[in-house]
Every structure is written in C-alpha cells, then in structure tokens.
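Counted from 1, the sequence shown has number 336 at position 336 by full-length UniProt numbering; the numbering is strictly sequential.
Glycine included, every Cβ here is placed at the ideal spot set by N, Cα and C.
Since we're looking at a predicted model, the values are computed, not measured.
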Amino acid sequence: MTEIAKGLEGVQFTESKLTFINGSEGILLHLGIPIQEWAENSTFEELSLALLDGKLPTATELATFDAHLRENREIPHQLIDVIKAMPRGINPMQALRTAVSYLGLLDPQSEDITPEARRAISIRMIAQFSTIIAAINRAQEGQEPVAPRMDLTHAGNFLYMLTGHEPTSEQARLFDIALVLHVDHAMNASTFTAIATSSTLSDMYSCITSAIGALKGPLHGGANEAVMDMLDEVGTPDRAVEYISGKMDRKEKIMGVGHRVYKNFDPRSRVLRDYAEHVANKEGKSNYYQILETIEKTVVDRLGDKGIYPNVDFYSGTVYSDLGIRKEFFTPIFALARISGWCASVIEYSEDNRLLRPSSVYTGEKDAHYVQIQDRQ
Ligand code: ACO
Numbered sequence: 001m002t003e004i005a006k007g008l009e010g011v012q013f014t015e016s017k018l019t020f021i022n023g024s025e026g027i028l029l030h031l032g033i034p035i036q037e038w039a040e041n042s043t044f045e046e047l048s049l050a051l052l053d054g055k056l057p058t059a060t061e062l063a064t065f066d067a068h069l070r071e072n073r074e075i076p077h078q079l080i081d082v083i084k085a086m087p088r089g090i091n092p093m094q095a096l097r098t099a100v101s102y103l104g105l106l107d108p109q110s111e112d113i114t115p116e117a118r119r120a121i122s123i124r125m126i127a128q129f130s131t132i133i134a135a136i137n138r139a140q141e142g143q144e145p146v147a148p149r150m151d152l153t154h155a156g157n158f159l160y161m162l163t164g165h166e167p168t169s170e171q172a173r174l175f176d177i178a179l180v181l182h183v184d185h186a187m188n189a190s191t192f193t194a195i196a197t198s199s200t201l202s203d204m205y206s207c208i209t210s211a212i213g214a215l216k217g218p219l220h221g222g223a224n225e226a227v228m229d230m231l232d233e234v235g236t237p238d239r240a241v242e243y244i245s246g247k248m249d250r251k252e253k254i255m256g257v258g259h260r261v262y263k264n265f266d267p268r269s270r271v272l273r274d275y276a277e278h279v280a281n282k283e284g285k286s287n288y289y290q291i292l293e294t295i296e297k298t299v300v301d302r303l304g305d306k307g308i309y310p311n312v313d314f315y316s317g318t319v320y321s322d323l324g325i326r327k328e329f330f331t332p333i334f335a336l337a338r339i340s341g342w343c344a345s346v347i348e349y350s351e352d353n354r355l356l357r358p359s360s361v362y363t364g365e366k367d368a369h370y371v372q373i374q375d376r377q
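Pasting the structure below:
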C-alpha cells in the first residue's frame, strides 16, 4: 500500500532560509532570529526587506526600501473606481483578491517574471496592499477613501487611511508589532499556494491572488474573525467555562487554538497576549480579554496533552478590536502582513524553480466502459 501524506503533513518539497519553526518547543525564527526579538526591536518594513533579501539590511538599504514603500503607496484611480463599484456587504477578502488581480491588469510590468521584476512588483504590492485594504474598508462603509500620507510609518499610515484619524504613536507601534508577528510562517497553506502558482512560471499577481484565496478560509486566516464570533457568542466571562466545556464535550473545534505545526504555545500568541494584557491592565480588563483568559486556561488544562494550545489568532482579534478595526477586516490585515512573506517565498523558490506536481493514489474503477446516457440508471 502506498502511504498517503494527508494534508501533505510532514512532506518537505523545498529548502528555505527564511523561517524556522520548532512546533514542539514553540520556537519561531526568521533568518535565525527569534520572533520575540523581531517584535521587540524591528518593524514591518525591516522584516519585509530582511526576508526579501535574506539578510538584515544596513541602515541605508532600509532607508531606501522605506522610501520606495512610501513612494508607492498611491493606487491607480481606475482601481479606486473598481473598489467603489464593488457591491456592499461582500467578504473583504473577495474584494482584496479582485483588487489585486485588477492591479495586475494596470501594471505594464506584470508579466515580467525576472528576479528584478518580481522584486520591484513585490515592493509595490507591499506598499499598495495597505491602500487597497483601507480603501475597501472605506468603500464598504460608504465613505471616500483616505489618501495615503507619506510622513507616517507603514503601520501608522494604514491605521490613518482606515479610520481617517492619525493614530497615537503607541497605537501605530502596537499595530506594527502585530504586522511583524504575521509576516511569515514557513510553508503555511497560503505561502504554499503562492509557490505552487509561481512554480508554473506564472506572474506575481497570479501568485498573490492565489494566496489571498487560500488565506481566506477559516482554517487559515479566517480564524481570528471566528474567535471574535465565539467571544460574542460566549457574551460574558462567567459563561466561558460552560460554553467551552460544552464544545469540547461535543468534540467541536474551538477557533484560535490548535495548529498543524505547534504542539505547544505558538510564540506569537504569547507576544500578543502580553500586549492584550498590557492594554487590559491599563484600561481595565475588557469582557473579551477575560473570556479569552478563561478559555485559554480551560483548553490548556483539557487539551494541552493533545498538543492543543492557543495559536496566533487567539489574541490578535482583541488587539485589533482595541485599535478600532472591525472583525471583517482581520483577515485582510493578516494579508497586509503576509504579503511580504508570500513575495519573499516566491522569489526564493523561483531561484531554483521546479514545477509542483504531486500525485494522488487512484482508488476508482479500472475496468469500466462508457454507458450511453439513455441506458444509465
Ligand atoms: N479545538 C478542539 N480540538 C482540536 C482543535 C481545536 N481547534 N484543533 C485540533 N483539535 C483536535 C482534533 O479534534 C483532533 O482530535 P482527535 O485526535 O481526538 O480526533 C486532534 O486535535 C488533531 O486535530 P487535526 O484537525 O487533525 O489537526 P490539524 O493539524 O489538521 O489542525 C488546525 C490544525 C486546522 C489549525 C486545527 O487545529 C483547527 O481547526 N484549529 C481551529 C482553527 C484555527 O484556529 N486556525 C488558525 C490556525 S493558525 C493560522 O492559520 C494563522
């Protein structure tokens, strides 16, 4: 019998120098550096460039990259018109997928798959994702898009374009850290999807629209929104134990916990929990935070020995909520960060490309014959 690696679990199909994960010990490294150090010391801009180039940038390299991002924040007016024409109430990930695909139609370089073109397109996309997502949010709320500001950081400018108000430096930095935590995560489903598309020598916009489609699903990027739905269902902290125990007894999945790779605490969830706790201590514990604390304790007590612990999505939603971001935009914000990881991974894989073409075990009939339609039962 041929062995099947269901869900491709444990299958290693390529090498990468970008991200290392040790799931049993809860370790995540980018370029060998722990995620906690990136979160504490770095920025979204720096980590993005470090992954694109495979090394820590010099001050000049980072300043040049940052300037390029700022210069490329504006999006074409035709794309703004398309975003405004989208139906109200749609899933913003559908809107993002369509907008990025349309952006490709407007880019004369889109079909160029040389390494230089892939890098140039990546920088533009990293910059423009933020303007696109903010514009989608505004259009869905029936408001005019807010033009980007060149004097703000990537994170600060995004919050400004999303809400129309300049964030405090603490809010901008908190959001920056959330972005840093989500930039890359080795061979996750959406990165794999981007690489699968690029392996056919397709263009960057096709790679990224494929990845957006993969990230949209609730088992991947959609989980933090599902966590907020769960918190709203629980309602008050005193109901949390009963609610979550009932779910476990019925063998239902709890959103924001469990991970294909981590069988221990996801280190990103620890960083986010610390920030959520910091905000809770400063401003008084919100209902949400208290419910999450209780759910975490119950899950770890009852499912910890199965390797089920909170993942990055467990606390991210409350952090975003505190920043005034509505839950429908949590997954696009995941994409806002992960675009850098997708681009870096596609570029790295393209250096030694091989078409991805796995196989499946055929279990159907082998001696059937065509039956005329009128003779079928
Ligand atoms: N709640 C309760 N039990 C769980 C959960 C969960 N969230 N996740 C896994 N389990 C249990 C399963 O029921 C199974 O138990 P069994 O052995 O008794 O049948 C065991 O743990 C293994 O579960 P699998 O589903 O096989 O594990 P898999 O590696 O496929 O799951 C996944 C990973 C899909 C992320 C899963 O944990 C899940 O659905 N979590 C909830 C959704 C979520 O939070 N996704 C975000 C992931 S992080 C990210 O993408 C950024």
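Pairwise C-alpha distance: Gly317 and Glu225: 7 Å
Sufficient close CB pairs (3 or more, under 8 Å) joining the stretch 367 to 377 to the stretch 222 to 239: no
Residues that DSSP places opposite Leu179 in a beta bridge: Partner(s): none; Leu179 has no beta bridge.
Reduced DSSP secondary structure (H/G/I, E/B, other) of Pro34: strand
Through-space distance from Glu141 to Ala147, alpha-carbon basis: 16 Å
Distance cut-off 6 Å: Gly256 Cβ against heavy atoms of the ligand ACO: yes
beta-carbon Lys216 near the ligand ACO non-hydrogen atom, thresh 6 Å: no
Whole-angstrom distance between Phe13 and Ala337, CA atom to CA atom: 25 Å
Nearest candidate by alpha-carbon position, reference Leu181, set Lys263, Val100, Ser42 and Asp112: Ser42
Best match in Tyr275, Val312, Arg354 and Thr153 for proximity to Leu69 [C-alpha to C-alpha]: Thr153
heavy atom of the ligand ACO below 6 Å from Asp249 C-beta: no
Rounded separation between Gly364 and Ile4 - CA only: 16 Å
Rounded Cβ spacing between residue 449 and Leu62 (contact assumed at less than 8 Å): The displayed coordinates of the chain run from 1 to 377. Any statement about residue 449 would go beyond what the structure contains.
Cβ-heavy atom distance, Ala223 to the ligand ACO, below 6 Å: yes
Three-way DSSP call (helix, strand, coil) for Pro310 in this model: strand
Where Leu303 sits in the DSSP three-state scheme: helix
Gly246 burial status per 10 Å Cβ neighbour count (16 or more: buried): exposed
Cβ-based burial, Ala280 [other Cβ within 10 Å; buried from 16]: buried
Strand pairing of Leu29, partner residues [DSSP]: Phe20 and Pro34
Same chain, Cβ closer than 7 Å to Ile308, five either side skipped, listed in chain order: Val257, Gly258 and Val299
Validate contact between the stretch 204 to 213 and the stretch 89 to 98 using beta carbons, cut 8 Å, 3 pairs: yes
Val257 - DSSP class collapsed to helix/strand/coil: strand
Any 3 or more C-beta pairs closer than 8 Å across the stretch 310 to 330 and the stretch 288 to 295: yes
CB contact check: Ala194 to chain C, cutoff 7 Å: Absent from the structure: chain C. Only one protein chain is present.
Helix, strand or coil at Met161 [DSSP, three-state]: helix
Ile80 CB to nearest heavy atom of the ligand ACO below 6 Å: no
Leu323, enclosing alpha helix (DSSP H) - first and last residue: Segment: none, Leu323 is in no alpha helix (DSSP H) and carries neither H nor E.
Proximity below 7 Å, CB of Gln128 to CB of Ile177: no
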